[in-house]
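S.K.: Chains as they are written, first to last, in the numbering used here: chain S, 6 to 376; chain Y, 6 to 376.
Protein chains: 2
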Amino acid sequence: MRVDGKPYRTIWLADDGKTVEIIDQTRLPHEFVVVPLNSLADACTAIADMWVRGAPLIGATAAYGMALAMWGDASDQGVKAAYDRLYATRPTAVNLRWALDDLKAVLDPVPVPQRIEAAYARAAEICNEDVEICSSLGEHGAELIRAAWEKKGKPSLEDGGVNVLTHCNAGWLATVDWGTALAPIYKAHDAGIPVHVWVDETRPRNQGASLTAWELGQHGVPNTLIVDNVGGHLMQHGKVDLVITGTDRTTGTGDVCNKIGTYLKALAAHDNDVPFYVGLPSPTIDWTLTDGVQEIPIEERDASEVTVMTGRVADGSVQDVSIIPDGAKAANYAFDVTPRRLVTGLITERGVSEASPEGLTALFPEFAIPE
Amino acid sequence: MRVDGKPYRTIWLADDGKTVEIIDQTRLPHEFVVVPLNSLADACTAIADMWVRGAPLIGATAAYGMALAMWGDASDQGVKAAYDRLYATRPTAVNLRWALDDLKAVLDPVPVPQRIEAAYARAAEICNEDVEICSSLGEHGAELIRAAWEKKGKPSLEDGGVNVLTHCNAGWLATVDWGTALAPIYKAHDAGIPVHVWVDETRPRNQGASLTAWELGQHGVPNTLIVDNVGGHLMQHGKVDLVITGTDRTTGTGDVCNKIGTYLKALAAHDNDVPFYVGLPSPTIDWTLTDGVQEIPIEERDASEVTVMTGRVADGSVQDVSIIPDGAKAANYAFDVTPRRLVTGLITERGVSEASPEGLTALFPEFAIPE
Chain S
6 MRVDGKPYRT IWLADDGKTV EIIDQTRLPH EFVVVPLNSL ADACTAIADM WVRGAPLIGA
66 TAAYGMALAM WGDASDQGVK AAYDRLYATR PTAVNLRWAL DDLKAVLDPV PVPQRIEAAY
126 ARAAEICNED VEICSSLGEH GAELIRAAWE KKGKPSLEDG GVNVLTHCNA GWLATVDWGT
186 ALAPIYKAHD AGIPVHVWVD ETRPRNQGAS LTAWELGQHG VPNTLIVDNV GGHLMQHGKV
246 DLVITGTDRT TGTGDVCNKI GTYLKALAAH DNDVPFYVGL PSPTIDWTLT DGVQEIPIEE
306 RDASEVTVMT GRVADGSVQD VSIIPDGAKA ANYAFDVTPR RLVTGLITER GVSEASPEGL
366 TALFPEFAIP E
Chain Y
6 MRVDGKPYRT IWLADDGKTV EIIDQTRLPH EFVVVPLNSL ADACTAIADM WVRGAPLIGA
66 TAAYGMALAM WGDASDQGVK AAYDRLYATR PTAVNLRWAL DDLKAVLDPV PVPQRIEAAY
126 ARAAEICNED VEICSSLGEH GAELIRAAWE KKGKPSLEDG GVNVLTHCNA GWLATVDWGT
186 ALAPIYKAHD AGIPVHVWVD ETRPRNQGAS LTAWELGQHG VPNTLIVDNV GGHLMQHGKV
246 DLVITGTDRT TGTGDVCNKI GTYLKALAAH DNDVPFYVGL PSPTIDWTLT DGVQEIPIEE
306 RDASEVTVMT GRVADGSVQD VSIIPDGAKA ANYAFDVTPR RLVTGLITER GVSEASPEGL
366 TALFPEFAIP E
């Protein structure tokens, strides 16, 4: 999507054909900094220090990390060592493992002198595949936004347009391009539909305020930041036409695990007859699970994410501030699960599915769970 | 309640019998500062600059402001001038108006030389009446906490105790003592019931993190700060036994207007069969309203409350930080309305009422709305 009018992906090959470039997302929204990755070590740092985040983008960075490693040591031992080093950066990230396995399988049968070329080619393919999935998901989702807008009588932006509420950041910054939850919004906006986005701040890490508001703003999509407490009130007063969130993991039965607080918005949507959709690239579906609330373990993260905020002070520098009493205790649950009964539909790259085993397996019959 | 082991109210008369002392709540939770009010001007500043906040405490401060004013000019003109100056500090605060009318009605018939004494006496009475209402409300609410604890088999704190979730600050800091939502918690704690409180941060003004966590901690009540997104997840997993919030205004039919985000917690409580109670001193009931969602106007406050956070930086100083992209737009709705169908009960100073016109008028027959 566009930054300052210029189209970007979140990861790309520099003109020298070797260097990989990324955006240091930890500096957003206050600074837009492009960082060159010149080595395996650089790629490891980028993932471990969260310069890149979002499952698809982590996978893409790991793939290019393997390619960068081949310049130093393209032997079987070198492939193995690069795999291990990259895997250790964020061992619980599913896409990281997947991308590394993919690259290793591609490289193993290739003669050593051709491994650099093969690795770059496969990394580029992985990026393009992600863009294709997100773009296709976006096209399907944009039709839902268009339908909601047409149902309202096609109001202009001045007359209210069509209003989407989103939570956290499932935008192009979390993928290679387009995003998941935000892909339908970009597609609708680019197609001339007057879409306005209510952006949940998304405490404690503030991805809505830091990333979603920033990327929508850069691409020119009208948006308004709200604290996480506000969505219910807006829905009670007809100010939200649909909700679209992303997901970290969705069961084969349609239960949606996503950033903490998603469940509360789904409840409010249900209580006010507002459709609640989830942008769901199919690799995020976990076909082994049936009951999300009971089966998905919820990560508890460090309390400092709750107790310390980062922002820009008057002199322009970025600082951390403590916002709680000395000695106070905080808990930090990272995700919650929205039961499928609250989900209107799942927007996938193959179309929009009902949040049910039947709906999902109709779109993805190759994954049908045997009776 | 206790601060550093010593019992405090939020406003009190100093030993000299003239000076009124308050806590500068804008300095919490980082600093506990007692401020003497020596004049009408001081009282006006305390209210206008929000050193004191919370409807009952604003009323009490205004009453003492009238008393302080009498030292300077106790004539009819002096009473009127003090009234006008105090009223202008926060003209939309219902309790401010109420306390000023009360003081004026008390002072008008009193001979000028006795007005200082009469004003101090009435201000003290207003404080004591507030404490009595909150204390009584607390006793009734504590029985609900006790019942929930007994139903669980009286677990010790180590075995889970009884868990109350609260939103915003309806604690002793918002009243003269005890609080409204927190009064039942203090009463239960003081009675030896092992109660633990989940404290919602309450964005955008963070009253949960700044005030509720602080005052519970000072009084020794176990508590854990969470971001506003977490409550639903906790309720899904049986970690909340009851929710108790305060209210800014409740309709005679039982709809509850309270700090933004309260409605989302009520939805989650309802979805998980967790009882949802509201601490409601009867002066907060607006008998003229029947449909809270439609009839109560919701204040929109300055967006800077969303976009700027205040906290303590590494060098110990307190600073403001901007947490959003330059130029991003934010909206700031201050309250929402929880429909009575989601409210299990209203805890008043006369007992616990069903959230319905019948329930409320049974407890307060003197306000029964004629058919």
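We put the CB at the ideal spot given by N, CA and C, even for glycine.
Can you have a look at Q241 of chain Y and say buried or exposed, based on whether 16 or more other CB atoms are within 10 angstroms of its CB?
M.R.: Buried, since its Cβ has 16 or more Cβ neighbours within 10 Å.
S.K.: Quick check: the segment 243-261 of chain Y against the segment 219-227 of chain Y, are there 3 or more CB pairs under 8 Å?
M.R.: Touching, no.
S.K.: Please state the DSSP three-state secondary structure of Y13 of chain Y.
M.R.: Y13 of chain Y falls in the coil class under three-state DSSP.
S.K.: Can you find a CB in chain S that lies within less than 7 Å of the CB of M314 of chain Y?
M.R.: So yes, M314 of chain Y belongs to the interface.
S.K.: If you draw a straight line from the C-alpha of V8 of chain S to the C-alpha of G350 of chain S, how long is it?
M.R.: So the alpha carbons of these two residues sit roughly 31 Å apart.
S.K.: Between the segment 216-227 of chain Y and chain S, which residues of the former have CB atoms less than 8 Å from a CB of the latter, in chain order?
M.R.: The segment 216-227 of chain Y vs chain S, Cβ under 8 Å: A218, W219, G222.
S.K.: According to DSSP, is P41 of chain S part of a helix, a strand, or is it coil?
M.R.: The answer is strand: DSSP assigns P41 of chain S an E or B state.
S.K.: Using a Cβ-Cβ cutoff of less than 7 Å, which residues in the same chain neighbour Y92 of chain Y once the five nearest sequence positions on both sides are dropped?
M.R.: Cβ within range, chain order: L101, R102, L105.
S.K.: Using a beta-carbon distance cut-off of less than 9 Å, what residues from the segment 24-53 of chain Y approach chain S?
M.R.: Answer set for the segment 24-53 of chain Y: L33, P34, H35.
S.K.: For S80 of chain S and Y69 of chain S, what's the separation of their Cα atoms in angstroms?
M.R.: S80 of chain S and Y69 of chain S: Cα-Cα distance of roughly 17 Å.
S.K.: Please confirm if I249 of chain S has its CB atom under 7 Å from at least one CB of chain Y.
M.R.: Cβ-Cβ to chain Y under 7 Å: no for I249 of chain S.
S.K.: Does the structure place the segment 241-254 of chain Y close enough to the segment 262-279 of chain Y that three or more beta carbon pairs sit under 8 Å?
M.R.: Yes: the two stretches touch, three or more of their Cβ pairs being nearer than 8 Å.
S.K.: With respect to the alpha helix (DSSP H) encompassing Q223 of chain S, which residues constitute its N-terminal and C-terminal limits?
M.R.: It spans 218-224 - the alpha helix (DSSP H) in which Q223 of chain S sits, taken as one unbroken run.
S.K.: Taking C-beta pairs closer than 8 Å, name the residues in chain S that A273 of chain Y reaches, listed in chain order.
M.R.: Neighbours of A273 of chain Y on chain S, chain order: Y268, L269, L272.
S.K.: Any contact of the segment 289-298 of chain S with the segment 309-321 of chain S, i.e. 3+ C-beta pairs under 8 Å?
M.R.: Judged by Cβ distances under 8 Å, the segment 289-298 of chain S makes no contact with the segment 309-321 of chain S, as fewer than three pairs qualify.
S.K.: Report the start-end ranges of each beta strand (DSSP E) in the segment 304-329 of chain S that is 3 residues or longer and not cut off at the edges.
M.R.: List check, beta strand (DSSP E) in window: 313-317, 323-327.
S.K.: Between I290 of chain Y and L365 of chain Y, which are expected to be in contact by the criterion C-beta below 8 Å, what is the C-beta distance as a whole number of angstroms?
M.R.: At roughly 7 Å, the Cβ-Cβ gap stays under 8 Å, so I290 of chain Y and L365 of chain Y are in contact.
S.K.: By the 10 Å Cβ neighbour count, where 16 or more other Cβ atoms means buried, how is D331 of chain S classified, buried or exposed?
M.R.: Burial call: exposed.
S.K.: Answer yes or no: the CB of W76 of chain Y versus the heavy atoms of the ligand MG, is any distance below 6 Å?
M.R.: Ligands are entirely absent from the displayed structure, and the ligand MG is therefore not among its contents.
S.K.: Please compile the residues from chain S whose C-beta is within a distance smaller than 9 Å of the C-beta of G165 of chain Y.
M.R.: Neighbours of G165 of chain Y on chain S: none; closest Cβ ~14 Å, over 9 Å.
S.K.: Taking C-beta to C-beta, are L368 of chain Y and S358 of chain Y nearer than 7 Å?
M.R.: Yes, Cβ-Cβ distance for L368 of chain Y and S358 of chain Y is below 7 Å.
S.K.: Terminal residues of the continuous alpha helix (DSSP H) containing R127 of chain S?
M.R.: First-last of the alpha helix (DSSP H) with R127 of chain S: 120-156.
S.K.: Check whether the Cβ of N70 of chain S lies closer than 7 Å to any Cβ atom in chain Y.
M.R.: With the sequence shown as reference, residue 70 of chain S is identified as Gly, and Asn is not the correct amino acid for it. Not one chain Y Cβ lies under 7 Å of G70 of chain S.
S.K.: Taking the beta carbon of Q119 of chain S as the centre, do at least 16 other beta carbons fall within 10 Å, making it buried, or is it exposed?
M.R.: By the neighbour-count rule (16 or more Cβ atoms within 10 Å), Q119 of chain S is not buried but exposed.
S.K.: Could you check whether V169 of chain Y and V202 of chain Y sit closer than 7 Å to each other, using their CB atoms as the reference points?
M.R.: It is a contact, given that the beta carbons lie within the stated cut-off.
S.K.: Identify each residue in the segment 284-300 of chain Y for which the Cβ-Cβ distance to at least one residue of chain S is less than 7 Å, and report them in chain order.
M.R.: Result list: V298.
S.K.: Distance check for A128 of chain Y and S287 of chain Y, CA to CA, integer angstroms please.
M.R.: So the two alpha carbons sit approximately 20 Å from each other.
S.K.: Beta-carbon of T349 of chain Y versus every beta-carbon of chain S: anything under 7 Å?
M.R.: So, not an interface residue.
S.K.: Is S80 of chain Y helix, strand or coil when you go by DSSP?
M.R.: It is coil, neither helix nor strand.
S.K.: I need the DSSP call for H35 of chain S, collapsed to helix, strand or coil.
M.R.: Looking at H35 of chain S - three-state DSSP - the assignment turns out to be coil, as it is neither helix nor strand.
S.K.: Listed in chain order, which residues of the segment 321-337 of chain Y have Cβ atoms closer than 9 Å to some Cβ of chain S?
M.R.: Residues V323, Q324, D325, V326, S327, I328, I329, P330, D331, G332, A333, K334, A335, A336, N337.
S.K.: Suppose contacts are defined by Cβ-Cβ distances below 7 Å. Is C132 of chain S in contact with T180 of chain S by that definition?
M.R.: No; because the gap between Cβ atoms is not below 7 Å, this pair is not in contact.
S.K.: Check distances from the C-beta atoms of the segment 231-242 of chain Y to those of chain S and list, in chain order, the residues that come in under 9 Å.
M.R.: The segment 231-242 of chain Y vs chain S, Cβ under 9 Å: I231, V232, D233, N234, V235, G236, G237, H238, L239, Q241, H242.
S.K.: What is the C-beta distance between A193 of chain S and I150 of chain S, in whole angstroms, given that I count them as a contact (C-beta under 8 Å)?
M.R.: About 4 Å separates the two Cβ atoms, so the contact holds.
S.K.: Beta-carbon of I190 of chain S versus every beta-carbon of chain Y: anything under 7 Å?
M.R.: Not one chain Y Cβ lies under 7 Å of I190 of chain S.
S.K.: Kindly list, in the order they appear in chain Y, the residues whose Cβ is closer than 8 Å to that of R208 of chain S.
M.R.: Those within 8 Å of R208 of chain S in chain Y are E206, R208, V232, D233, N234.
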